Amino acid sequence: MNVWIAIIATAVGCYAVKLAGLLVPAGALERPLVRRLAALLPVALLAALTAQQTFADGQALVVDARAAGVAAAAVALVLRAPFLVVVAAAVLVTAGVRALGG
Amino acid sequence: MGKPDAAVVRDALGVGVAVGLSGFAFGVTSAGSGLTLAQTCALSLLVFTGASQFALVGALAVGGNPLTAAAGAFFLGVRNAFYGLRLSQLLALPRAVRPFAAQWVIDETTAVALAQPTRRGVRIGFTVTGLTLYVLWNLTTLLGALGAEAIGDTAAWGLDAAGPAVFLALLAPMLKSTTERTVAGVAVLLGLGLLPVLPAGVPVLVAALAAPLVLWAGGRRAGGAAPDGPAPADGAEGER
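Chains as they are written, first to last, in the working numbering: chain L, 18 to 119; chain R, 4 to 243.
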């Protein structure tokens, strides 16, 4: 039930902001500070999420096979690999390290 | 002269297919996080903005409060409002059509649409990217979720690394200047530092404060002048 509440809340919220952008008069959100903040908010969230999902085990911080996988993804990104290759690199390296007992 | 319609369609299909296929990673991650098939598919059908979907299932997987989890996903989706603002001027849609177009206002459709030189090109680019991506993303989500159920322990296959890898791939093109890198650094410190002490899902929300914090600090250093001048925010940051 809790999961459905989260899904409905996210769906309504995300649809509302998409629609708001199309309906709101252009001037309303065009202030430089607001735009700057809107551009930086995803940077902060994505960075925190990347770090947490790489190093969190419940509420503890650990370095395990995921760290190697995400490092591989970072290397793939530096090499300008396509999106799917980046994700595949992370998955394969993580699986490989785990198979080796890491 | 604008470019030919066929060239716009080709660009749009390229982006739509490449990103649409990554719905597979979402389906696997979502099912691996313990969501049911129906819940996983509902997310792709109704939310349809990848970063928010990954964030939500990640937060639910660690036992976060549903509204805290939804808040994190919502804040990630706020950028779409700014894409909509830009697209609204370029697409010039009748008001009655806007509620239907809204669901497709995301990173990829914005990136393709903004790259077109004419209104006709913008409309074709937006529609073809949106349609391709919506159909494929939902189809691959379903396949991914079914696949995850079939293989059982997704972690043994390294699939728990797909989520953070997706976030990193979305984040990388956004780290254009020192400001973005500082925000990312502060957010990582807050997100990891607070993880052991705050309830699940909350540290990510606190980490979001890195954005106003760094802006505020930058504004002070500039001696009260407007920070950074006109914002280059109208591109599609998530372009990849």
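For every residue, glycine included, the Cβ atom is placed at its ideal position computed from N, Cα and C.
Computed from a prediction, not measured in an experiment: that's the story for all the values here.
- Query: At a CB-CB cut-off below 8 Å, which residues of chain R make contact with residue 104/L?
  - Reply: Residue 104/L sits at position 87 when you count from the first residue of the first sequence. The contacting residues are 25, 28, 165, 168, 169, 172.
- Return the bridge partner residues of residue 93/R from the DSSP annotation. On the second sequence, residue 93/R is found 90 positions in, with the first residue counted as 1. The partner list for residue 93/R (beta bridge, DSSP) is empty, contrary to what the question assumes.
- Message: In whole angstroms, give me the CA-to-CA distance for residue 97/R and residue 144/R.
- Response: Locating residue 97/R in the second sequence gives position 94, where the first residue counts as 1. Locating residue 144/R in the second sequence gives position 141, where the first residue counts as 1. Cα-Cα distance, rounded: 32 Å.
- Could you say which of 71/R, 59/R, 166/R, 215/R lies nearest to residue 103/L if we only look at CA atoms? Against the first sequence, residue 103/L aligns to sequence position 86. It is 166/R whose Cα lies nearest to the Cα of residue 103/L.
- Item | the segment 33 to 42 of chain L in contact with the segment 186 to 203 of chain R per 3-pair CB rule at 8 Å | no
- Taking only the alpha-carbon atoms, compute the straight-line gap between residue 223/R and residue 213/R and give it to the nearest angstrom. Translated into positions along the second sequence, residue 223/R becomes position 220. Translated into positions along the second sequence, residue 213/R becomes position 210. Going by the C-alpha atoms only, they are around 15 Å apart.
- Message: Our contact map puts residue 63/R next to residue 72/R with C-beta atoms below 8 Å; I'd like the distance itself, whole angstroms only.
- Response: The count along the second sequence starts at 1 and reaches residue 63/R at position 60. The count along the second sequence starts at 1 and reaches residue 72/R at position 69. So it is a contact: roughly 5 Å between Cβ atoms.
- Query: Opposite residue 77/L in the DSSP bridges: which residues?
  - Reply: Sequence index remark: in the first sequence, residue 77/L carries index 60 (1-based). Answer by DSSP bridge pairing, in chain order: 74/L.
- Touching by the beta-carbon criterion (3+ pairs, under 8 Å), the segment 73 to 87 of chain L and the segment 193 to 207 of chain R: yes
- Message: Using only the alpha-carbon positions, how far apart do residue 112/R and residue 118/L sit?
- Response: Numbered from its first residue, the second sequence carries residue 112/R at position 109. Numbered from its first residue, the first sequence carries residue 118/L at position 101. Roughly 42 Å separates the two Cα atoms.
- To the nearest angstrom, how far is it from the Cα of residue 100/R to the Cα of residue 106/R? On the second sequence, position 97 is the one that residue 100/R refers to. On the second sequence, position 103 is the one that residue 106/R refers to. Using only the alpha carbons, I get a separation of about 11 Å.
- Message: Give the list of continuous alpha helix (DSSP H) stretches no shorter than 4 residues that lie fully inside the segment 146 to 220 of chain R.
- Response: 165 to 174, 181 to 197, 205 to 210
- Under three-state DSSP, which class holds residue 37/R? In the second sequence, counting from the first residue as 1, residue 37/R sits at position 34. In this structure, residue 37/R counts as coil in the three-state DSSP scheme.
- Task: Would you kindly work out how many angstroms separate the C-alpha atoms of residue 154/R and residue 100/L, rounded to a whole number?
- Result: Start at 1 with the first residue of the second sequence, and residue 154/R comes out as number 151. Start at 1 with the first residue of the first sequence, and residue 100/L comes out as number 83. Rounded to whole angstroms, residue 154/R to residue 100/L spans 24 Å at the Cα level.
- Cutoff 9 Å: residue 36/L Cβ touching any chain R Cβ: Here the question's residue 36/L lines up with position 19 in the first sequence. Interface residue, yes.
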